[in-house]
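Chains as they are written, first to last, in the UniProt record's numbering: chain Y, 1 to 282; chain V, 1 to 282; chain D, 1 to 282; chain E, 1 to 282.
All C-beta atoms in this analysis are idealised placements derived from N, C-alpha and C, irrespective of residue type, glycine included.
These numbers were taken from a predicted model, which means no experiment stands behind them.
Only one structure is covered here, and it is reproduced in the block below.
Number of protein chains: 4
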Amino acid sequence: MDKISKKNWKVRLHDIIYEADTPAGKLFDVILLITILASIILVMLESIRSFDARFHRFLNISEWIITILFTIEYIARIVTVKKPLKYITSFYGIIDLLSTIPKYISLILGGIHALAALRALRLLRIFRILKLARYMGASNLLISALKASRAKILVFLFAVLILAIIFGTLMYLVEGEQSGFTSIPVSIYWCIVTLTTVGFGDITPVTPLGQIIAAFIMILGYGIIAVPTGIVSAEYSTRNRLGAPEKAPSIHLNTLSCANCMSEKHQDGAEFCSNCGHTLNT
Amino acid sequence: MDKISKKNWKVRLHDIIYEADTPAGKLFDVILLITILASIILVMLESIRSFDARFHRFLNISEWIITILFTIEYIARIVTVKKPLKYITSFYGIIDLLSTIPKYISLILGGIHALAALRALRLLRIFRILKLARYMGASNLLISALKASRAKILVFLFAVLILAIIFGTLMYLVEGEQSGFTSIPVSIYWCIVTLTTVGFGDITPVTPLGQIIAAFIMILGYGIIAVPTGIVSAEYSTRNRLGAPEKAPSIHLNTLSCANCMSEKHQDGAEFCSNCGHTLNT
Amino acid sequence: MDKISKKNWKVRLHDIIYEADTPAGKLFDVILLITILASIILVMLESIRSFDARFHRFLNISEWIITILFTIEYIARIVTVKKPLKYITSFYGIIDLLSTIPKYISLILGGIHALAALRALRLLRIFRILKLARYMGASNLLISALKASRAKILVFLFAVLILAIIFGTLMYLVEGEQSGFTSIPVSIYWCIVTLTTVGFGDITPVTPLGQIIAAFIMILGYGIIAVPTGIVSAEYSTRNRLGAPEKAPSIHLNTLSCANCMSEKHQDGAEFCSNCGHTLNT
Amino acid sequence: MDKISKKNWKVRLHDIIYEADTPAGKLFDVILLITILASIILVMLESIRSFDARFHRFLNISEWIITILFTIEYIARIVTVKKPLKYITSFYGIIDLLSTIPKYISLILGGIHALAALRALRLLRIFRILKLARYMGASNLLISALKASRAKILVFLFAVLILAIIFGTLMYLVEGEQSGFTSIPVSIYWCIVTLTTVGFGDITPVTPLGQIIAAFIMILGYGIIAVPTGIVSAEYSTRNRLGAPEKAPSIHLNTLSCANCMSEKHQDGAEFCSNCGHTLNT
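Structure representation (structure tokens):
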């Protein structure tokens, strides 16, 4: 009885907002997911001039609806969490705030375009809902392979950058300004465009010597792409072979998050938070 | 004798149309393959304005010949199959119908261009003829490696899409409309063009800050291509090493398809359909 | 004495032309290599209009010198080989002839441009001289990995082609002629340009729907490049692990070619041709 | 006492300049790193016409400050090393000199642009400071994998070049000058642009036959990128598996360089130079 009485509205609301195991929690997550996606699509549509001109009123109202929904959610999250300050200063807390305030600020300052960037941060909120439980096993393996290759990939990217600076300077001297290589930084930009095999074609070499160097840069870029691929491939392959113990826990990942410290990824069947010791059986 | 008397014209026609083991069946398959290829080439040639203007009559007659041939084949397939409804509602049944009707509809509605798309579906018919028996072993291994990597590749593509949205929004704010980044969706399109190292060059950054971000996106795209490659490579490598039991059955694949339920890929020497138990020894 | 008397001028010339083990043979190979490279550079320079205008006389004389040198070599090869007809009808025999005759034909027909293509075949002659003895071990492993992956790579390329045809037709219907997608073949060409991440930018989608499909094609192309890479990587990796027995013979490859049947790649220390049994100790 | 008295100013200066183990040595390295980066950024900024016009005076003074700092460092390095001539003729000695003299020469000859290239060599100086101790293990493995694949990658690049020459000549004959394929060398350049999937779009085929050949080249380029990737991947994978003995020494790499012969990469705890036997305990 003591346990049940503790289940007051705050705890119940906490369960709905932070968990995905109860029907109410799942419903909340689905609604939130749709709201977030709608809010992102709104930002995009607003940027299309012709669309904004025709449906300005509709976009404005929709934006206000989403802002109010986000505000309610933000307040609810603060109220139900045991340590509100910890939530507010957490990564997701800041993202949640930045997703909400732009519209309020626009009320004071008028529609400043730069705020669209802040609203784009809403996208990051998707990660919290999905919790990516299903693909966690897949991405865990991937992330650990990338982490193990980090140092080598950094060395590689550093080498690419130095190559770009050297060849960029060379191309600036060879081609000169009349071909579009107007300065060394622009030449380096062109060199990265070429080395990565993107090849916009906004700047192209026109002198024979420039074209020979460009051909060399392309073949270089074509060849060295093998390096990061080889690294990740080998690291991933090693991990995949030893994979059994790493894969095992990922299957039984539960979606509970601690009401006290908000840490997640507790083991299935765990009754206490592995981070702060607070009970998970709310 | 009882067995032989069952071999009436329907069964014989079924053998010719659905099997590739008898001389008549092989001949039918070769003629059908040529007809399909001819029909696809016809659709292509018709789309070339100058060609259509000069050879309109020839193209029209050819299209009618192919349509009539496809109609005969479609009816023959329905007649010879034990469960016609099952064939009509099957994937290949729908493709076969959609490959045939556009010309009849054009008779009623006049030459609507959108029907060319339906006729392009004829291409999918090739798969049924080739049955790809020879390369089945090769592609089986490939497909199973791709299937095993599916979840990881989805996580990767999702990550690419989120990167494109974030950087697309950023580039829209940095470059603005005068550089061609007219809206966030267009910026995201540009970002995908750059991340995948395609680099059309129809939209290119012109501000120094935009070029720095673009360079970063390119190097990112150049680096993360290693991820899907590494995944498929490792999965395929694992499969290849354990490959013996998987490869074995693929060698002895026969080309019989059940007259009752149309299921294929029966084991060599099988006398009954593995799906419905119907005899295969027609 | 009997053996020495057999070493008449024909045999000695054969040794010089076909072998690389004697000082004279090496010298011949070096001179031939230089001549071939010079002949290729000549063809290139001739195609540069401004260069040809200024140095026409020089280019013409040089071309004649090379043609005469090639003629002498061609006659010498026929004379010294035991079975001239076999040489003349062999791959290298035809290449040697086609490298020589264009100039003679131009004497009769005047300078027809199409003959430049034939002269470009001279490039293939390089392979015979280099014999690639040093890198044979490296390329053997590579070629055997590619051969083993052949069927899978063909399935992959076939899939790419079908994707290109389907999406090409789709883009033709979506974008239409005003965007540069003037016909289905042109759309398919554009689709291959995009799928392979080349991205010329001569044709680009302008409608929102076209750009969405294009983005999808790009991500597809970016993703499926992993497939051939994974295949070759895994095949090569397997071969590399088992590699010892395969690598061993490649180290002791000699450069002798049989005077009778012209087969090469005899084992080191072999005294008789492994193909026809003719003695190699000329 | 005998040992301590030997520690005169020259030895102490040598420690500061050449080592990174003492606080003074670390401080020197950090200052030098900042100076080098500043000098590179200066060269870049100078090349931007609008920036140079506005801040010419500032750039000139900064360049003189850096030149003087580099001069002092260069003299200090000569003075403190036991064999100055060996330093001056060493790779880093020449780089150090070439990084310093351009400004002095410009004093005599005026600001010649070509000297910017020499100053770009300053970038190479970074390697000496970083000593890349931390990532050495990572890059060692990488470099050894690349070295092992060298012969195979050369064969591959040679094949790419020959393909480019053959298809370049073919495209020149097919497309002709009106499409931008003005000469065989330009066609080869285009062919490399296409084969490496860079695709600038400055030159594009316009004839149907040219587009078919171009499509073939693209698919070829898209497919053969698998080859270097597969090689590096397999080599790296093998090395990674056997990796333990190779990785081990890289962890305990010290940063001492011999005062006598300037060789580096001594084992941790080594008291004598592994190259010349000179004591390392300065």
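> Would a check of beta-carbon distances place Y:F55 closer than 7 Å to chain V?
Replying inline: Residue numbering aside, residue 55 of chain Y sits at position 55 when the first sequence is read from its first letter. Not an interface residue.
> Does any CB atom of chain V fall closer than 7 Å to the CB of E:G201?
Replying inline: Locating residue 201 of chain E in the fourth sequence gives position 201, counting from the first residue. At least one chain V Cβ lies under 7 Å of E:G201.
> Any beta-carbon of chain V closer than 7 Å to the one on Y:Y236?
Replying inline: Position 236 of the first sequence holds residue 236 of chain Y. Answer yes: the Cβ-Cβ gap between Y:Y236 and chain V drops below 7 Å somewhere.
>> Measuring straight from C-alpha to C-alpha, what distance separates residue 285 of chain V and V:A164?
In response: What is shown of chain V runs 1 to 282, which leaves residue 285 of chain V out entirely.
> Buried or exposed: E:I34, going by 16 or more other Cβ atoms within 10 Å of its Cβ?
Replying inline: Counting from one through the fourth sequence, the residue named residue 34 of chain E turns up at place 34. Exposed, by the Cβ-count rule.
>> When you compare the CB of Y:I165 with every CB in chain E, is at least one pair closer than 7 Å?
In response: Mapped onto the first sequence, residue 165 of chain Y falls at position 165. Chain E contact via Cβ: present.
> In whole angstroms, what is the alpha-carbon distance linking V:P228 and V:F156?
Replying inline: Taking the second sequence and counting its residues from 1, one reaches residue 228 of chain V at position 228. Taking the second sequence and counting its residues from 1, one reaches residue 156 of chain V at position 156. Answer to the nearest angstrom: the Cα atoms are 7 Å apart.
> Given a limit of 8 Å on CB to CB distance, which residues of the region 17-44 of chain Y reach chain V?
Replying inline: Residues are counted here when their Cβ sits less than 8 Å from a Cβ of chain V; for the region 17-44 of chain Y these are I40, V43 and M44, given in chain order.
>> Our contact map puts residue 295 of chain D next to D:C191 with C-beta atoms below 8 Å; I'd like the distance itself, whole angstroms only.
In response: Given that chain D is displayed from residue 1 to residue 282, the structure contains no residue 295 of chain D and the question cannot be resolved.
>> Tell me the rounded alpha-carbon separation between E:R239 and E:A145.
In response: Residue mapping note: residue 239 of chain E aligns to position 239 of the fourth sequence, counting from 1. Residue mapping note: residue 145 of chain E aligns to position 145 of the fourth sequence, counting from 1. For E:R239 and E:A145, the distance between alpha carbons rounds to 7 Å.
>> Using only the alpha-carbon positions, how far apart do D:S183 and V:H56 sit?
In response: Within the third sequence, residue 183 of chain D is the residue found at index 183, counting from 1. Within the second sequence, residue 56 of chain V is the residue found at index 56, counting from 1. Between D:S183 and V:H56, the C-alpha separation is close to 15 Å.
>> Helix, strand or coil, according to DSSP, for Y:S90 in the structure here?
In response: By 1-based counting over the first sequence, the position of residue 90 of chain Y is 90. It is coil, neither helix nor strand.
> Just how far apart, CA to CA, sit Y:D96 and Y:K103?
Replying inline: Reading the first sequence from its first residue, position 96 is the one you call residue 96 of chain Y. Reading the first sequence from its first residue, position 103 is the one you call residue 103 of chain Y. Going by the C-alpha atoms only, they are around 13 Å apart.
>> Less than 8 Å between C-beta atoms, sequence neighbours within five positions excluded: which residues of the same chain meet that for V:N8?
In response: To locate residue 8 of chain V, count along the second sequence from 1; it is residue 8. Answer for V:N8: no residue qualifies.
> Do the region 220-235 of chain Y and the region 219-238 of chain E make contact, defined as three or more Cβ pairs closer than 8 Å?
Replying inline: yes
>> Let me make sure I understand the geometry here. Which of E:I153, E:M171, E:S99 and E:S149 has the alpha-carbon closest to that of E:V43?
In response: For this step, residue 43 of chain E is matched to residue 43 along the fourth sequence. Nearest C-alpha to E:V43: E:S99.
>> At the 7 Å Cβ level, is Y:E246 part of the contact set with chain E, yes or no?
In response: Reading the first sequence from its first residue, position 246 is the one you call residue 246 of chain Y. Caution is warranted here: a pLDDT of 39 is assigned to Y:E246, below 50, making its placement in the model unreliable, and no coordinate value can be reported.
> Is there contact between the region 200-218 of chain D and the region 194-203 of chain V, where contact requires at least three CB pairs shorter than 8 Å?
Replying inline: yes
> Hey, E:I194 and E:A214 are a contact pair by Cβ (cut 8 Å); roughly how many whole angstroms apart?
Replying inline: Here residue 194 of chain E corresponds to residue number 194 of the fourth sequence, with the count starting at 1. Here residue 214 of chain E corresponds to residue number 214 of the fourth sequence, with the count starting at 1. Ile is not the amino acid found at residue 194 of chain E; the sequence shown has Thr there. Between E:A214 and E:T194 the Cβ distance is about 6 Å, and since that is below 8 Å, they are a contact.
> Any idea what DSSP makes of D:T238, helix, strand or coil?
Replying inline: Residue numbering aside, residue 238 of chain D sits at position 238 when the third sequence is read from its first letter. Reduced to three states, the DSSP call for D:T238 is helix.
> For Y:L123, which of V:V30, V:F158, V:D29 and V:A151 has the nearest alpha-carbon?
Replying inline: Position 123 of the first sequence holds residue 123 of chain Y. When each option's Cα is compared against that of Y:L123, the closest is V:F158.
> So the alpha helix (DSSP H) D:C28 belongs to, where does it begin and stop?
Replying inline: Taking the third sequence and counting its residues from 1, the one referred to as residue 28 of chain D is at position 28. Rather than Cys, the amino acid found at residue 28 of chain D in this sequence is Phe. D:F28 -> alpha helix (DSSP H) spans P23 to S47.
> Count the other CB atoms within 10 Å of the CB of E:F58; is the residue buried (16 or more) or exposed (fewer)?
Replying inline: Walking along the fourth sequence from the start, residue 58 of chain E turns up at place 58. Counting Cβ neighbours within 10 Å, E:F58 comes out exposed, since fewer than 16 surround it.
>> So that I know if they touch, is there some Cβ in chain V lying closer than 7 Å to that of D:Y74?
In response: Here residue 74 of chain D corresponds to residue number 74 of the third sequence, with the count starting at 1. So no, D:Y74 is outside the interface.
>> Rounded to whole angstroms, what is the Cα-Cα separation between D:R77 and D:H14?
In response: Counting from 1 along the third sequence, the entry for residue 77 of chain D is found at position 77. Counting from 1 along the third sequence, the entry for residue 14 of chain D is found at position 14. About 7 Å.
>> Between D:N8 and chain Y, is the shortest Cβ-Cβ distance under 7 Å, so that the two count as touching?
In response: Here residue 8 of chain D refers to the residue found at position 8 of the third sequence. Using beta-carbon distances, D:N8 does not count as an interface residue toward chain Y, since no partner is under 7 Å.
>> Any beta carbon from chain D within less than 7 Å of E:Q178's own beta carbon?
In response: Start at 1 with the first residue of the fourth sequence, and residue 178 of chain E comes out as number 178. So, not an interface residue.
> According to the Cβ coordinates, are Y:L220 and Y:V174 closer than 7 Å?
Replying inline: For the purposes of this step, residue 220 of chain Y is identified with residue 220 of the first sequence, where counting begins at 1. For the purposes of this step, residue 174 of chain Y is identified with residue 174 of the first sequence, where counting begins at 1. Cβ distance not < 7 Å, so Y:L220 and Y:V174 don't count as in contact.
>> Here's a check: name, in chain order, each residue in its chain whose Cβ is nearer than 7 Å to the Cβ of E:K152, leaving out the five neighbours to either side.
In response: In the fourth sequence, the residue the question calls residue 152 of chain E occupies position 152. Within the same chain, E:K152 has close Cβ partners I231.
> Expressed to the nearest angstrom, what Euclidean distance is found between the alpha-carbon atoms of E:V30 and E:L37?
Replying inline: Here residue 30 of chain E refers to the residue found at position 30 when the fourth sequence is read from its first residue. Here residue 37 of chain E refers to the residue found at position 37 when the fourth sequence is read from its first residue. Rounded to the nearest angstrom, the two C-alpha atoms are 11 Å apart.
>> Within 10 Å of its beta-carbon, does Y:V81 have 16 or more other beta-carbons around it, so buried, or fewer, so exposed?
In response: Locating residue 81 of chain Y in the first sequence gives position 81, counting from the first residue. With 16 or more other Cβ atoms within 10 Å, it is buried.
> Is it buried or exposed for D:K75, if we count other Cβ within 10 angstroms and need 16 for buried?
Replying inline: Here residue 75 of chain D is taken as the residue at index 75 of the third sequence, counted from 1. Strictly speaking, residue 75 of chain D in this sequence is Ile, with Lys absent from that position. By the Cβ-count criterion, D:I75 is exposed, with fewer than 16 other Cβ atoms from all chains shown falling within 10 Å of its own Cβ.
> Mind checking if V:Y222 is an interface residue toward chain Y, Cβ cutoff 7 Å exclusive?
Replying inline: Working through the second sequence from its first residue, we reach residue 222 of chain V at position 222. The beta-carbon of V:Y222 is placed less than 7 Å from the nearest beta-carbon of chain Y.
>> So with CB distances below 7 Å, who are the chain V contacts of Y:P228?
In response: In the first sequence, residue 228 of chain Y corresponds to position 228, counting from 1. Neighbours of Y:P228 on chain V, chain order: G223 and A226.
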